[in-house]
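Residue numbering for the sequence shown follows this note's numbering, starting at 347 and increasing by one per position.
All C-beta atoms, glycine included, are put in the ideal place defined by N, C-alpha and C.
All of these numbers come straight from a predicted model, not from anything done at the bench.
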Amino acid sequence: MFKKGVITDEISQDFKIAVDLALKYKLDGVEIRSVWEKSPHELKKEDIARIQEILSDTNLKVCGISAPFFKCNIDDQKEIDEHIEILKKSMELANILGTKYVRGFTFWKSGDFDKDLDKIVSKFEKPVELLKKENIILALEFDPSVYASNAKKLVKVIEKINSPYVKGLWDPGNDIYDPDGETPYPDGYEIIKKLMVHMHLKDAVKQDDGKITGVPIGDGQVDYAGQFKALINDGYDGYVVLETHYRPKHDIDDELMALPKGSAFSYLGYEATEECLIKWQELLDKL
Numbered sequence: 347m348f349k350k351g352v353i354t355d356e357i358s359q360d361f362k363i364a365v366d367l368a369l370k371y372k373l374d375g376v377e378i379r380s381v382w383e384k385s386p387h388e389l390k391k392e393d394i395a396r397i398q399e400i401l402s403d404t405n406l407k408v409c410g411i412s413a414p415f416f417k418c419n420i421d422d423q424k425e426i427d428e429h430i431e432i433l434k435k436s437m438e439l440a441n442i443l444g445t446k447y448v449r450g451f452t453f454w455k456s457g458d459f460d461k462d463l464d465k466i467v468s469k470f471e472k473p474v475e476l477l478k479k480e481n482i483i484l485a486l487e488f489d490p491s492v493y494a495s496n497a498k499k500l501v502k503v504i505e506k507i508n509s510p511y512v513k514g515l516w517d518p519g520n521d522i523y524d525p526d527g528e529t530p531y532p533d534g535y536e537i538i539k540k541l542m543v544h545m546h547l548k549d550a551v552k553q554d555d556g557k558i559t560g561v562p563i564g565d566g567q568v569d570y571a572g573q574f575k576a577l578i579n580d581g582y583d584g585y586v587v588l589e590t591h592y593r594p595k596h597d598i599d600d601e602l603m604a605l606p607k608g609s610a611f612s613y614l615g616y617e618a619t620e621e622c623l624i625k626w627q628e629l630l631d632k633l
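1) From what residue to what residue does the alpha helix (DSSP H) around C622 run?
2) In or out: D597 buried (at least 16 other Cβ within 10 Å) or exposed?
3) According to DSSP, V381 sits in a beta bridge with which residue or residues?
4) Below 8 Å, how does it come out for the segment 445-463 and the segment 414-422: are there three or more Cβ pairs, yes or no?
5) Out of W382, G556, V501 and L476, point me to the one whose CA is closest to E536's CA.
6) Indicate whether L443 and V408 have their beta-carbon atoms separated by less than 8 Å.
7) For H546, report the span of its beta strand (DSSP E) as first-last.
8) Out of T529, N441, L515 and V474, which one is the CA nearest neighbour of K540?
9) Check whether the segment 352-368 touches the segment 610-628, counting contact only when three or more Cβ pairs, one atom from each stretch, lie closer than 8 Å.
10) What runs of the beta strand (DSSP E), each 3 residues or longer, lie entirely inside the segment 478-560?
11) Counting only C-beta atoms, is G572 closer than 8 Å to chain C at any point?
12) What are the start and end residues of the beta strand (DSSP E) that includes I420?
13) Taking the alpha-carbon positions, what's the D427 to E388 distance?
14) Throw me the rounded Cβ distance for the I522 and G564 pair, which I believe falls under 8 Å.
15) To the nearest angstrom, how far is it from the Cα of M545 to the Cα of I394?
16) In terms of residues, what are the limits of the alpha helix (DSSP H) holding L588?
17) Specify, as a first and last residue, the run of the beta strand (DSSP E) that V352 falls within.
18) Could you give the distance in angstroms between the alpha-carbon of A576 and the alpha-carbon of E621?
19) Whose C-alpha, out of I466, P510 and V492, is nearest the C-alpha of V503?
20) Assuming the contact rule is C-beta atoms closer than 8 Å, N496 and D524 should be a hit. Round their C-beta distance to whole Å, please.
21) Buried or exposed: K478, going by 16 or more other Cβ atoms within 10 Å of its Cβ?
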């Protein structure tokens, strides 16, 4: 059976508040994306010590570091160099907190995916060296804002990189936002499952006019009943991590959706995430 987790800034910027909610719903782990208004690579020694102290009397594990790695311009070497430093600091944090996964992406989309595929892959040569040295796995995620916008494209990138240190992060909810219209389950899942080491969980609805709205888990267009059954049948024993991306009373703006961070992103996240945790368990109870 898979393990359950949550990205803490989908609840609050206050790590203790997020941990308490995770404990209330008997989760197994927490994932770090922004804490106390800081991204993972911005956390100081004292911040990391506070995280360790808060977790010390719980059974929660840190299951991943949701870094914004390679959400940058593929043609800007200065930005790429800055993101290599982000990766280094995120790997250091991962090792301190006891997780082997750092999340990454495939650059802001600025051209044709197939034409730029070799260029995308070439930029991972240095990261792979660093990942091997630190024994960390980069879990690449697809996203509508980057070159790999679905499972099919992401698998092409990962297979071309061809490293045991670069694997796939499966987020079926992201497929609702895919410009190519990939169906999350079963289509996207069947493509990525052989390379999948980590999973995020969100739901959304795409209207006829193209507008997409985040909704509670189970209320959207992802077949989560089928997806969870498949995870169990396939023996997936990694983490499934709630990345709510839905808020009651307001929509998260596009800029925050692309680079989630801080109090503006976490606003009303506690209520939304608690609602999703309840609905998630209800879905599992029906299997």
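According to the data block:
1) Translated into positions along the sequence shown, residue 622 becomes position 276. Here the alpha helix (DSSP H) through C622 covers G615 to D631.
2) Translated into positions along the sequence shown, residue 597 becomes position 251. Its Cβ having fewer than 16 others within 10 Å, D597 is exposed.
3) Taking the first residue of the sequence shown as 1, we reach residue 381 at position 35. Paired residue(s): K384.
4) yes
5) Numbered from its first residue, the sequence shown carries residue 536 at position 190. The residue with the shortest Cα to Cα distance from E536 is V501.
6) For the purposes of this step, residue 443 is identified with residue 97 of the sequence shown, where counting begins at 1. For the purposes of this step, residue 408 is identified with residue 62 of the sequence shown, where counting begins at 1. Closer than 8 Å, so yes.
7) Along the sequence shown, one-based indexing puts residue 546 at 200. Taken as a continuous stretch (DSSP letters only), the beta strand (DSSP E) holding H546 covers M542 to L547.
8) By 1-based counting over the sequence shown, the position of residue 540 is 194. Here the closest residue by C-alpha is L515.
9) Segments in contact, yes.
10) 483-487, 512-516, 542-547 and 549-552
11) Here there is only one protein chain, and chain C is not present.
12) Here the question's residue 420 lines up with position 74 in the sequence shown. Counting along the chain, I420 sits inside no beta strand (DSSP E), nor does DSSP assign it H or E at all.
13) Position 81 of the sequence shown holds residue 427. Position 42 of the sequence shown holds residue 388. Taking the straight line from one Cα to the other gives about 16 Å.
14) Against the sequence shown, residue 522 aligns to sequence position 176. Against the sequence shown, residue 564 aligns to sequence position 218. Actually they are not in contact, since the Cβ atoms of I522 and G564 sit about 13 Å apart, beyond 8 Å.
15) Reading the sequence shown from its first residue, position 199 is the one you call residue 545. Reading the sequence shown from its first residue, position 48 is the one you call residue 394. Roughly 24 Å separates the two Cα atoms.
16) For the purposes of this step, residue 588 is taken as the residue at position 242 of the sequence shown. Careful: L588 lies outside any alpha helix (DSSP H), inside the beta strand (DSSP E) at Y585 to L588.
17) Working through the sequence shown from its first residue, we reach residue 352 at position 6. V352 -> beta strand (DSSP E) spans K349 to I353.
18) Residue numbering aside, residue 576 sits at position 230 when the sequence shown is read from its first letter. Residue numbering aside, residue 621 sits at position 275 when the sequence shown is read from its first letter. Each residue's Cα considered, the two are about 24 Å apart.
19) Here residue 503 is taken as the residue at index 157 of the sequence shown, counted from 1. With distances taken between Cα atoms, V503 lies closest to I466.
20) The residue given as residue 496 occupies position 150 in the sequence shown. The residue given as residue 524 occupies position 178 in the sequence shown. That belief holds up - the Cβ atoms of N496 and D524 are roughly 4 Å apart, short of 8 Å.
21) Your numbering for residue 478 matches position 132 in the sequence shown. Classification for K478: exposed.
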